[in-house]
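> Sharing a structure, written as structure tokens. Questions coming.
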Amino acid sequence: MLSVYNAQTGTRGHVTYRRKVHRLLKDLGLDPETVLVIQGEQLLTQDETLSPDIEVEIRPVISGGSS
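Here it is as structure tokens:
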């Protein structure tokens, strides 16, 4: 079972089937332009297929303005 941690909301969940990163974000109602999906220390791309036996973390994208 794929374990998902959403750092933005502090929630954990599980997904029972294989899917690509972009499909996971869509199913969770998240805009892919506003979050990063990370497995361990590796940043995952939108087209990567997630295995059911891993854990991923979803973090918000933070950008700073220029002074």
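Quick note on numbering: my numbering labels position 29 of the sequence shown as 29, and the sequence is numbered without any gaps. Every residue, glycine too, gets a C-beta built ideally from N, C-alpha and C.
Just curious, the alpha helix (DSSP H) that valine 21 is in, first and last residue?
By one-based count along the sequence shown, residue 21 stands at place 21. From DSSP, the alpha helix (DSSP H) with valine 21 extends over 21–27.
> Mind checking whether glutamate 55 and tyrosine 17 have CB atoms under 9 Å apart?
As a working mapping, residue 55 is identified with position 55 in the sequence shown. As a working mapping, residue 17 is identified with position 17 in the sequence shown. Taking 9 Å as the Cβ cut-off, glutamate 55 and tyrosine 17 do not qualify as a contacting pair.
> What's the C-alpha gap between leucine 24 and glycine 64?
As a working note, residue 24 is residue 24 in the sequence shown. As a working note, residue 64 is residue 64 in the sequence shown. Cα-Cα distance, rounded: 27 Å.
> So, with DSSP's three-state summary, where would you put glutamine 46?
On the sequence shown, position 46 is the one that residue 46 refers to. Note: glutamine 46 maps to coil in three-state DSSP.
> In whole angstroms, what is the alpha-carbon distance linking proline 32 and aspartate 53?
As a first step, residue 32 is located in the sequence shown; it is residue number 32 there, counting from the start. As a first step, residue 53 is located in the sequence shown; it is residue number 53 there, counting from the start. Going from the Cα of proline 32 to the Cα of aspartate 53 covers about 22 Å.
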